[in-house]
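In the working numbering, the protein residues as written are 41 to 237. Worksheet: one structure, shown below.
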Ligand SMILES: Nc1nc2c(ncn2[C@@H]2O[C@H](COP(=O)(O)OP(=O)(O)OP(=O)(O)O)[C@@H](O)[C@H]2O)c(=O)[nH]1
Ligand SMILES: [Mg+2]
């Protein structure tokens, strides 16, 4: 990517987004940047500000100030916010993600419809969904629930895991490869942070 010849600047990866400023990664080091006037205008007309995962074209600042982000390169995939809300104001949360781990705990609140909504959300942005049934240590019928979910969600990967015992975690290795980026989706308390840690 770094060798790409671009007429209007250099490519960089958006690694963090703050209210006004963006952190860009170039060859492993970070710089600060802000959208150019033209990008702000385009965003106002149609589309979105840069999000984490975007490749952008930036111009270096001549002095000590922030560099400017000229444009966003085409997103390979993206994730949108869950709430569809008014219908047309779709907000992109992150881009160029390979896999979305969709977590759902195997407790009383287990709801396959909710899993399906997350799957639809991932697939709408071209992200490959993987269903993780979490807290398997708390449910003796975890594996039979997995079979039921698998039968229902045909052609999808479904895994049972436990962050407490480590059960099933090695099954995620196939997705956690260098150069692949993953996102973790699921309602509060399903174990996203625990798994990431
Ligand atoms: N028994 C058991 N408890 C777990 C497991 N994974 C997470 N927990 C517990 O579940 C609770 C919620 O886990 P979190 O990782 O904080 O959940 P989260 O999805 O990050 O929740 P939010 O940050 O609110 O969205 C914590 O008390 C964890 O200790 C698991 O595999 N087994
Ligand atoms: Mg959390």
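Ideal Cβ placement from N, Cα and C applies to all residues, glycine included.
Which listed residue (the options) has its alpha carbon closest to that of residue i
| i | options | result |
| --- | --- | --- |
| residue 162 | 202, 148, 186, 116 | 116 |
| residue 97 | 64, 121, 201 | 64 |
| residue 109 | 188, 191, 199, 52 | 52 |
| residue 198 | 213, 141, 130 | 141 |
| residue 224 | 182, 236, 217, 191 | 236 |
| residue 74 | 59, 232, 50 | 59 |
| residue 207 | 182, 218, 195 | 182 |
Residue j beta carbon less than 8 Å from that of residue i
| i | j | result |
| --- | --- | --- |
| residue 118 | residue 165 | yes |
| residue 95 | residue 79 | no |
| residue 203 | residue 234 | yes |
| residue 107 | residue 137 | no |
| residue 173 | residue 226 | no |
| residue 201 | residue 176 | yes |
| residue 189 | residue 167 | no |
| residue 135 | residue 93 | yes |
Sequence-distant residues of the same chain with beta carbon closer than 8 Å to residue i, five excluded per side
| i | result |
| --- | --- |
| residue 229 | 145 |
| residue 156 | 193 |
| residue 220 | 138, 139 |
Unbroken alpha helix (DSSP H) run spanning residue i, endpoints
| i | result |
| --- | --- |
| residue 152 | 152–164 |
| residue 189 | 182–192 |
Own chain, CB closer than 6 Å to residue i, minus 5 neighbours either side, in chain order
| i | result |
| --- | --- |
| residue 48 | 97, 110 |
| residue 132 | 88, 91, 118, 120 |
Run of the beta strand (DSSP E) containing residue i, from where it starts to where it stops
| i | result |
| --- | --- |
| residue 228 | No beta strand (DSSP E) contains residue 228, which DSSP labels as neither H nor E. |
| residue 74 | 69–75 |
Residue i - DSSP class collapsed to helix/strand/coil
| i | result |
| --- | --- |
| residue 215 | coil |
| residue 236 | helix |
| residue 176 | helix |
| residue 47 | coil |
| residue 57 | strand |
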